[in-house]
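Student: So the sequence lines, in the order shown, correspond to chains Z and X.
Residues in the first sequence are numbered from 97 upward in steps of one, following this note's numbering.
Residues in the second sequence are numbered from 97 upward in steps of one, following this note's numbering.
Cβ coordinates follow ideal geometry from the N, Cα and C atoms, glycine included.
Computed from a predicted structure; not experimentally measured.
Protein chains: 2
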Amino acid sequence: MTKDKYQLQDQIGFVLRKAHQRHVSIFASHISDLTPPQFATLEMLQEVGTTSQSQLGQLVAMDAATIKGVIDRLKARGLVFVERDNADRRRVSVHITPQGREAVAQLVSQAGRITAETLAPLSGREAETLLKLLKRIS
Amino acid sequence: MTKDKYQLQDQIGFVLRKAHQRHVSIFASHISDLTPPQFATLEMLQEVGTTSQSQLGQLVAMDAATIKGVIDRLKARGLVFVERDNADRRRVSVHITPQGREAVAQLVSQAGRITAETLAPLSGREAETLLKLLKRIS
DNA sequence: CAAAATTCATTTGTATACGAATGATATTCA
DNA sequence: TGAATATCATTCGTATACAAATGAATTTTG
Numbered sequence: 097m098t099k100d101k102y103q104l105q106d107q108i109g110f111v112l113r114k115a116h117q118r119h120v121s122i123f124a125s126h127i128s129d130l131t132p133p134q135f136a137t138l139e140m141l142q143e144v145g146t147t148s149q150s151q152l153g154q155l156v157a158m159d160a161a162t163i164k165g166v167i168d169r170l171k172a173r174g175l176v177f178v179e180r181d182n183a184d185r186r187r188v189s190v191h192i193t194p195q196g197r198e199a200v201a202q203l204v205s206q207a208g209r210i211t212a213e214t215l216a217p218l219s220g221r222e223a224e225t226l227l228k229l230l231k232r233i234s
Numbered sequence: 097m098t099k100d101k102y103q104l105q106d107q108i109g110f111v112l113r114k115a116h117q118r119h120v121s122i123f124a125s126h127i128s129d130l131t132p133p134q135f136a137t138l139e140m141l142q143e144v145g146t147t148s149q150s151q152l153g154q155l156v157a158m159d160a161a162t163i164k165g166v167i168d169r170l171k172a173r174g175l176v177f178v179e180r181d182n183a184d185r186r187r188v189s190v191h192i193t194p195q196g197r198e199a200v201a202q203l204v205s206q207a208g209r210i211t212a213e214t215l216a217p218l219s220g221r222e223a224e225t226l227l228k229l230l231k232r233i234s
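Laid out in structure tokens, this is it:
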């Protein structure tokens, strides 16, 4: 006889939300001047090089409205700059600045520590399993 | 030789965010008139009965400011009501209404389907593993 | 008891997140 | 070619999420 009562604590959505919250909190305790979405965007931009705003949004899983806000804030800090694309005037090209590059270089090791701390309750094998399963439902 | 390059796609935080986004999207496609946090709050309230606002917030993992907003919106829909606690005048007691009860009863089966669809890419065994690991890092 | 510390709720400000509407530009196709 | 369609970016509105400040009430403690 298994429990068939609905238990919020056992629902994937509830647990995903809590796990995500804990991660964001750990992130903030290590990197206080950038949020996870901001760091993800900057890191991805550095990885792929100059792209359009919506392309970059797609790469980091943010819709048009969200990526715009993130880029605006990165812009305000001088980590990226933006330029109308002449080949396609609808597009906005996003470029990383030298300061942006420097920030990524400096923060990547911190990011590794954040990942480690988030996964600290698990063994290495369990962490790999978790990552693999999460990717499958993403 | 394992890859040691920092890959955003392999970071637990990034994958957690994406998995959570997918779940919220599935939730919205099944239940359009309540958000996941609203449903969680209402369900929890029904489960534990009348409690203070901050107590309820704790149970559903929301801070004071967040739970206030959620309760305000549930209140506006007539699903809960609120009352100053006479034993402790700082406290606000949150009560579920008959409509609130009815909503929970009606939505729980939908919630089960949402969980199932979110976990659809996994086998039953994998889903259990994922849930267990997520709880450990929550 | 009275002062200090704590707790509960509210408010403000900032940052995702997303649906929907809009305008500008490109592309398709009739 | 020119009209319909699609794409890109922006804006608006709503909803979490949380830090920090504030005020009111309670508890602790000196």
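(1) In whole angstroms, give me the CA-to-CA distance for A223(Z) and G109(X).
(2) With a CB to CB cut of under 7 Å and the five nearest residues on each side skipped, what residues in its chain are close to K231(X)?
(3) Tell me the DSSP secondary structure of I192(X) in three-state form.
(4) Going by beta-carbon coordinates alone, are F135(X) and I127(X) separated by less than 8 Å?
(5) With distances taken from CA atoms, which of L226(Z), D168(Z), R173(Z) is nearest S189(Z)?
(6) Identify every residue that forms a DSSP beta bridge with V178(X).
(7) Under 8 Å between C-beta atoms, does Q117(X) make it to chain Z?
(8) Compare the Cα-Cα distances from H119(X) to each of P217(X), M140(X), K228(X), S234(X) and report the closest residue.
(9) By the DSSP assignment, the alpha helix (DSSP H) with M140(Z) in it spans what residues?
(10) Are L138(Z) and I210(Z) closer than 8 Å when you measure CB to CB?
(11) On the three-state DSSP scale, how would you describe S219(Z)?
Tutor: In short:
(1) 12 Å
(2) none
(3) strand
(4) yes
(5) D168(Z)
(6) V190(X)
(7) yes
(8) P217(X)
(9) 132-144
(10) no
(11) coil
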